[in-house]
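Numbering (this note's numbering), first residue to last: 161 to 321. For each residue, glycine too, the CB sits at the ideal point set by N, CA and C. Here the structure is a predicted model, which means the values were calculated and not measured.
(1) How many Å lie between residue 243 and residue 294 at the Cα?
(2) By the DSSP assignment, the alpha helix (DSSP H) with residue 256 in it spans what residues?
(3) CB-CB under 8 Å to residue 174, same chain, minus the five flanking residues each way: which ones, in chain order?
(4) Is the separation between the beta-carbon of residue 278 and that of residue 306 shorter than 8 Å?
(5) Among 317, 287, 319, 320, which has the Cα closest to the Cα of residue 304?
(6) On a CA-only basis, which of 176, 276, 187, 163 is nearest residue 290? Give me that one, please.
(7) How many Å lie between residue 188 and residue 216 at the Cα?
(8) So, residue 299 versus residue 222, is the Cβ gap smaller than 8 Å?
(9) Start and end of the beta strand (DSSP E) containing residue 194?
(10) Under a three-way DSSP split, which group does residue 316 fall into?
Below, the structure is given as structure tokens:
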């Protein structure tokens with residue numbers, strides 16, 4: 161059966177629309193079709209396999225679709241598919257001194273980590289073309305300029321499994 165749409169009529173009075181009984185019959189028929197598609201018996205009980213479906217938010221290692229978290233190292237977004245996104249922020253850097261930050265959640269060992277950087281100029285634009293990259297456990301950043309107050313956010317993508 162096709163979806164049954166309730167006719168609300170003309171605003172603001174609802175003139176020409178479905179009466180309450182007709183509207184509720186359409187709604188009930190729509191629900192019955194959905195329950196039947198899920199394999200529910202006449203009692204309407206959702207089958208155990210559907211009721212026990214994976215939660216959306218939780219531990220992806222335990223079957224949830226994703227989780228978001230943070231710790232002293234930054235923020236992370238972990239997905240059941242294996243995708244991991246991490247953000248780590250620091251303030252200030254010195255010329256030609258390698259700056260490292262630990263990711264808030266480690267990437268899978270031996271895999272490549274893609275990194276992008278956002279450098280917010282608080283006390284001077286950095287036109288030196290800073291270099292940044294990542295390992296499974298750390299983000300690295302280096303510039304030929306000193307910018308003691310600039311805020312740098314490293315965003316990394318890779319896999320956790």
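In short, the structure shows the following:
(1) Residue 243 and residue 294: Cα-Cα distance of roughly 16 Å.
(2) Taken as a continuous stretch (DSSP letters only), residue 256 belongs to no alpha helix (DSSP H), as it is neither H nor E.
(3) 168, listed in sequence order.
(4) In this structure, residue 306 does not lie closer than 8 Å to residue 278 by Cβ.
(5) It is 287 whose Cα lies nearest to the Cα of residue 304.
(6) Per the Cα distances, 276.
(7) Each residue's Cα considered, the two are about 27 Å apart.
(8) Result no, Cβ atoms of residue 299 and residue 222 do not sit closer than 8 Å.
(9) In this chain, residue 194 is not harboured by any beta strand (DSSP E); it is covered by the alpha helix (DSSP H) spanning 180-197.
(10) Strand, per DSSP.
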